[in-house]
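Student: Supplied in structure tokens, the structure appears directly below.
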Amino acid sequence: MSYFYIQGSTSKDLLDILLGIVSPMVLIILFGFERYYSSQQKRKDIKLLDIKNQKDVERTWYLEVLVRPIIGILSSFYRNTSDAFEEQVVELELLRKKGTPVNNYNAEIAIMCGKFAGEKRKIELEVIAPINALYPIVGEELTECLHELEDLYTTGLDSKNSQLAIDQFKNSLPTNKTILLRHLYTPLKVDKAT
Amino acid sequence: MKSIDLTKFRGPSSTQFTGRPQGQQARSELNIDTLDVDETTPQVEFLIPESTTSFNPSFYLGLLFDSYLKLGLDKFKEKYSFKIQTSDLTIKRIINKNLEDGERNAINSLLNKTGLN
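Heads up: the protein sequence lines correspond to chains A and B, in order. Here the first sequence stands for residues 103 to 296, where the numbers follow the working numbering. Here the second sequence stands for residues 315 to 431, where the numbers follow the working numbering.
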């Protein structure tokens, strides 16, 4: 029967039959593609979410374990450094006015520089060493900041102009602290790519 | 042994050695890069002049960090040493501590850069 039916069909009928068969197949293929694509996308999203969560955990850990406990230590260090510097510059001015022999005067500067170096070593031990163990680049930057502070401190003590030394040091100290904190907070920055 | 007087690398009318760029400048003027590999000069002694009040790690690193990188810790220690030319024991102790700071910072940087221990 169907043979005769096909035999008697026009080309339009044949096209209709063909379309009737192909259309659902195309739909099935498109559906399959769509399912495959969305599952791949979902997998990618989950992976990105995992990375983001992992980075969030790491950032929280860094903040809670390494940063929060040392903020107070750093603030005290900078405050004490500022006070000590001013006191020592005034003390050195008095020694100059008294006409203290150069050797004794230099010995006094060396002792003052040595005291600062001692405080700096405590910061290296308490603050920088734990960070350096896991974040060596941050550790290096923090150390560099302390070196710059030490240079400011010692050259200030070596100056014969007390007021200028105090003014310059007090102007430079907040910048040094800001740069140090900026380096300290680097691992807390959110990477926009994730 | 070759001795190198560092006096001229203190700042003008300064009693201190400070600053990484100043240390690097001294390194360049003293041709330390050449000295590092010069086998006819197995030992070099840096003279820290009397009346020095501070020898900061920044200067130390500028002067010698590249030698640490090139030679490694053991060969560096065989080759380079310091002589503090003051009779004042307090100052000597303080400058020695400065040098220890410089060395410690150099070793830390070396470990961070090379991952060696």
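Beta carbons: idealized from backbone N, C-alpha and C, even for Gly.
Any residues in the segment 322–348 of chain B with a beta carbon nearer than 8 angstroms to a beta carbon of chain A? Which ones, in chain order?
Tutor: So the list reads GLY325, SER328, THR329, GLN330, THR332, GLY333, ARG334, given in the order they occur along the chain.
Student: Counting only C-beta atoms, is B:ILE408 closer than 8 angstroms to chain A at any point?
Tutor: Yes, its Cβ sits closer than 8 angstroms to a Cβ of chain A.
Student: Can you tell me which of the three DSSP states B:SER327 falls into?
Tutor: Assignment of B:SER327 by DSSP, reduced to helix, strand and coil, places it in the coil class.
Student: B:PRO371 versus chain A: which residues are under 8 angstroms apart at the beta carbon?
Tutor: HIS249, GLU252
Student: When the cut-off is 8 angstroms and only beta carbons count, does B:LYS397 lie next to chain A?
Tutor: no
Student: Nearest-angstrom Cα distance between A:VAL229 and A:GLU189?
Tutor: 26 angstroms
Student: If I measure Cβ to Cβ from A:MET103 and keep anything under 6 angstroms in the same chain, skipping five residues before and after, which residues do I get?
Tutor: At A:MET103, the pLDDT of 47 sits below 50, so the modelled position is not reliable; the number obtained from the coordinates is stated separately. Cβ within range, chain order: n/a, list empty.
Student: Determine the chain B residues that contact A:ASN273 at a beta-carbon separation under 9 angstroms, and present them in chain order.
Tutor: Within chain B, no residue comes near A:ASN273; the closest Cβ sits about 18 angstroms away, beyond 9 angstroms.
Student: On the DSSP bridge list, what partners appear for B:GLU359?
Tutor: Paired residue(s): B:SER317, B:SER395.
Student: Roughly how many angstroms separate the alpha carbons of A:SER239 and A:HIS285, rounded to a whole number?
Tutor: According to the sequence displayed, residue 239 of chain A carries Ile and not Ser. Distance between the alpha carbons of A:ILE239 and A:HIS285: 9 angstroms.
Student: With DSSP collapsed to three states, give me the class of B:SER365.
Tutor: coil
Student: May I ask which residues mark the beginning and end of the alpha helix (DSSP H) holding A:PRO240?
Tutor: Before going on, a small fix: residue 240 of chain A reads as Val here, not Pro. Per DSSP, A:VAL240 is one residue of the alpha helix (DSSP H) stretching across 238–260.
Student: Kindly indicate which three-state DSSP category B:ASN431 falls into: helix, strand or coil?
Tutor: Interpretation of B:ASN431 is limited by its pLDDT of 42, a score under 50 that renders its predicted location unreliable; the figure taken from the coordinates is listed afterwards. The answer is coil: DSSP assigns B:ASN431 none of H, G, I, E or B.
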